[in-house]
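Colleague: Can you keep this structure in mind? I'll have questions shortly.
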């Protein structure tokens with residue numbers, strides 16, 4: 001069998017900017033690609049938490065990694081037309097799905113093109129009776145924190161009359177499917193087909209369905225996939241079924257409440273089929289018929305899993321492969337899996353509300369455009385500007401002159417504020433041929449690792465005039481802070 005080279009790649013830190021008392025929008029950079037290398041000996045690994053810094057792990061992290069729409073425009077959609085337009089666009093996008101989107105006609109596809117992140121906002125994002133479809137050649141896609149549900153056709157339990165999956169990909173590469181809930185669809189819940197490569201499926205819920213997760217539909221042996229911390233509940237088969245996978249790594253999955261319809265063959269947990277090499281680690285099987293099985297032509301290594309009230313096949317043969325030769329990971333104890341997965345799998349309120357995107361040039365805190373006759377523009381006061389971006393990668397700001405208007409002279413004051421090390425120590429930055437020195441940028445008594453006297457400072461004599469009252473009063477005399 002052809003050996004597929006891979007290596008976990010070093011990544012720049014992600015960015016999260018949180019500004020108390022001011023909502024500031026950052027321009028976000030895209031991580032550069034790196035070439036894959038040969039497998040190597042394992043190094044000490046940091047345990048992957050349920051959110052893992054919003055970066056993929058496992059096979060989706062290899063050969064350049066999976067960044068989705070990082071570096072592209074961030075948009076929020078609430079209707080099918082907008083979702084379909086941005087998802088199929090040639091440019092990178094981070095697409096936030098807010099609320100429930102009902103797809104028409106029933107069971108229709110929404111095509112997802114390369115370089116996209118589709119993420120539910122909190123736990124509200126839903127796609128109802130529609131499919132996300134990745135065509136051959138699609139690459140670099142992240143789908144997170146969505147519920148995709150209800151394209152089931154009554155009476156078609158075997159899914160023979162429709163092909164209404166939740167997600168289907170054909171010949172795609174570098175795809176991360178994370179923290180979603182898939183339920184009650186028309187065929188499979190998640191179909192990974194036709195030599196798709198570098199895929200990670202993590203922290204999802206597969207519920208109330210016949211066929212949960214199928215991998216294969218090919219005679220080639222190319223697919224590399226990591227499947228971890230998923231909860232298969234109320235499903236019958238394909239949990240997963242992995243056919244002709246070069247490498248299938250399953251760990252810390254929880255299988256429970258398996259459908260019992262009297263079928264002795266097609267009711268099962270994990271199946272290593274064809275020429276698949278499968279490794280199963282520290283998973284938990286509760287009330288499952290045929291927890292894990294393998295064709296005579298396939299290989300399956302299992303270690304550390306817990307079987308409770310199970311029956312039927314538990315096949316193990318061959319040596320499969322060593323996942324540590326490809327990437328670092330540390331499985332949770334099998335006994336902890338049910339509690340972990342019940343709590344943290346599926347859509348989460350904290351995901352999609354603030355986006356963390358890898359990068360080394362993480363944009364600007366402000367891009368102010370203030371009319372030259374107005375003394376007050378933006379005030380950031382008594383706040384904390386924090387980030388887990390690399391040190392010196394976030395710029396304080398730049399002047400914005402819409403349409404080249406010279407009289408739009410930005411005014412920004414940052415005072416009594418803690419600045420993290422992510423903020424550049426260098427002065428402010430020019431834009432579109434306009435120098436920052438002609439704008440009105442200043443700081444006053446800022447502190448923290450990103451604070452520096454090298455940038456323009458507001459004098460003590462002027463400080464009383466540029467406090468909260470002055471900015472609120474402006475030229476209109478507004479004084480909501482005053483007692484009446």
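In the working numbering, the protein residues as written are 1 to 484. Every residue gets a Cβ at the ideal spot worked out from N, C-alpha and C, and that includes glycine.
Does DSSP classify residue 157 as helix, strand or coil?
Modeller: Note: residue 157 maps to coil in three-state DSSP.
Colleague: Which residues in the same chain have their Cβ closer than 8 Å to the Cβ of residue 267, if we skip the five residues on either side of it in sequence?
Modeller: Around residue 267: 236, 237, 258, 259, 260, 261, 289 and 290.
Colleague: Sorted by chain position, which residues of the same chain lie with C-beta nearer than 7 Å to residue 372's C-beta, five sequence neighbours on each side aside?
Modeller: If we look at residue 372 and ignore the five residues flanking it on each side, its Cβ neighbours are 407 and 409.
Colleague: Is residue 471 helix, strand or coil by DSSP?
Modeller: Here residue 471 sits in helix by DSSP.
Colleague: Thinking C-alpha only, which one of 279, 464 and 108 is nearest residue 226?
Modeller: Among 279, 464 and 108, the Cα nearest to that of residue 226 belongs to 279.
Colleague: Give, in chain order, every unbroken run of the beta strand (DSSP E) that is at least 3 residues long and sits entirely within the region 242-282.
Modeller: Complete beta strand (DSSP E) runs here, min 3: 245-251, 254-256, 270-273 and 277-281.
Colleague: Thinking C-alpha only, which one of 456, 437, 390 and 59 is nearest residue 199?
Modeller: Nearest of 456, 437, 390 and 59 to residue 199, Cα basis: 59.
Colleague: Pull up the distance between the alpha-carbon of residue 256 and that of residue 330, whole angstroms please.
Modeller: One C-alpha to the other measures close to 23 Å.
Colleague: Roughly how far, in whole angstroms, is the beta-carbon of residue 269 from the beta-carbon of residue 298, given that I think they are within contact range, below 8 Å?
Modeller: That pair is no contact at about 15 Å.
Colleague: Only counting the same chain, and skipping five residues up and downstream in sequence, which positions put a Cβ closer than 6 Å to that of residue 303?
Modeller: Counting only Cβ-Cβ distances below 6 Å, and skipping sequence neighbours, we find 281.
Colleague: Residues in the same chain with beta-carbon distance under 6 Å from residue 191, minus the five sequence neighbours each way, listed in chain order, please.
Modeller: Here the set comprises 165, 168 and 214.
Colleague: In terms of DSSP beta bridges, what is residue 447 paired with?
Modeller: Beta-bridge pairing links residue 447 to 418.
Colleague: Out of 100, 419, 411 and 461, which has the shortest C-alpha to C-alpha gap to residue 471?
Modeller: For residue 471, the nearest C-alpha among the options comes from 411.
Colleague: Strictly by DSSP, which residues pair up with residue 289?
Modeller: Note: residue 289 sits in a beta bridge opposite 311.
Colleague: Identify the continuous alpha helix (DSSP H) that holds residue 344 and give its terminal residues.
Modeller: Segment 337-344, the alpha helix (DSSP H) holding residue 344.
Colleague: Verify the contact flag: residue 166, CB atom, against every heavy atom of the ligand GTP, threshold strictly below 8 Å.
Modeller: Ligands displayed in this structure: none; no statement on the ligand GTP is therefore possible.
Colleague: Does DSSP put residue 466 in a helix, a strand or coil?
Modeller: In this structure, residue 466 counts as helix in the three-state DSSP scheme.
Colleague: Is the distance from the Cβ of residue 432 to the Cβ of residue 450 below 9 Å?
Modeller: Cβ distance not < 9 Å, so residue 432 and residue 450 don't count as in contact.
Colleague: Restricting to Cα atoms, I'd like to know which of 154, 98, 110 and 239 is closest to residue 146.
Modeller: It is 98 whose Cα lies nearest to the Cα of residue 146.
Colleague: Once the 5 residues before and after residue 102 are set aside, which same chain residues still bring their CB inside 6 Å of it?
Modeller: These residues qualify, in order along the chain: 128.
Colleague: From residue 240 to residue 212, what distance separates their C-alpha atoms?
Modeller: If you take the alpha carbons of residue 240 and residue 212, they lie about 7 Å apart.
Colleague: From residue 135 to residue 125, what does the alpha carbon distance come to, in whole angstroms?
Modeller: Each residue's alpha carbon lies about 23 Å from the other.
Colleague: For residue 349 and residue 203, I'd like the C-alpha separation in whole angstroms.
Modeller: Roughly 14 Å separates the two Cα atoms.
Colleague: For a minimum of 4 consecutive residues, which ranges assigned as the alpha helix (DSSP H) are wholly contained in the region 60-111?
Modeller: Whole alpha helix (DSSP H) segments, 4+ residues: 80-87.
Colleague: Is the beta carbon of residue 87 sitting closer than 9 Å to the one on residue 113?
Modeller: The answer is yes: Cβ separation under 9 Å.
Colleague: Do residue 520 and residue 184 have their C-beta atoms closer together than 9 Å?
Modeller: Summary: the structure shown does not reach residue 520, with the chain confined to residues 1 through 484, and so no result is reported for it.
Colleague: Is it right to say residue 478 is buried, meaning 16 or more other beta carbons lie within 10 angstroms of its own, or is it exposed?
Modeller: It is exposed - the Cβ of residue 478 has fewer than 16 other Cβ atoms within 10 Å.
Colleague: Just to confirm my understanding: we take residue 248, look at its own chain, exclude 5 residues before and 5 after, and list those with CB closer than 6 Å. What are they?
Modeller: Taken in chain order, the residues that qualify are 225, 242, 276 and 278.
Colleague: Look at the Cβ atom of residue 438, then the Cβ atom of residue 399, and state whether they are nearer than 9 Å.
Modeller: Cβ distance < 9 Å, so residue 438 and residue 399 count as in contact.
Colleague: Buried or exposed: residue 205, going by 16 or more other Cβ atoms within 10 Å of its Cβ?
Modeller: So residue 205 counts as buried.
Colleague: May I have the straight-line CA-CA distance separating residue 210 from residue 263, to the nearest angstrom?
Modeller: The alpha-carbon atoms of residue 210 and residue 263 are separated by roughly 12 Å.
Colleague: Let's see if you can read the secondary structure: which residues bound the beta strand (DSSP E) around residue 317?
Modeller: Looking at the DSSP string, residue 317 is not in any beta strand (DSSP E), and its letter there is neither H nor E.
Colleague: Just the Cα atoms here: how many angstroms apart are residue 419 and residue 456?
Modeller: Approximately 15 Å, taken between the alpha carbons.
Colleague: Please look up how many angstroms separate the CB atoms of residue 77 and residue 352, rounded, as I've assumed it's under 8 Å.
Modeller: Not a contact, Cβ separation roughly 12 Å.
Colleague: I'd like the list of long-range same chain contacts for residue 392, defined as Cβ closer than 6 Å, with 5 residues on each side in sequence excluded.
Modeller: Taken in chain order, the residues that qualify are 424.
Colleague: Within the continuous beta strand (DSSP E) that includes residue 212, where are the two ends?
Modeller: Element bounds for residue 212: 205-216.
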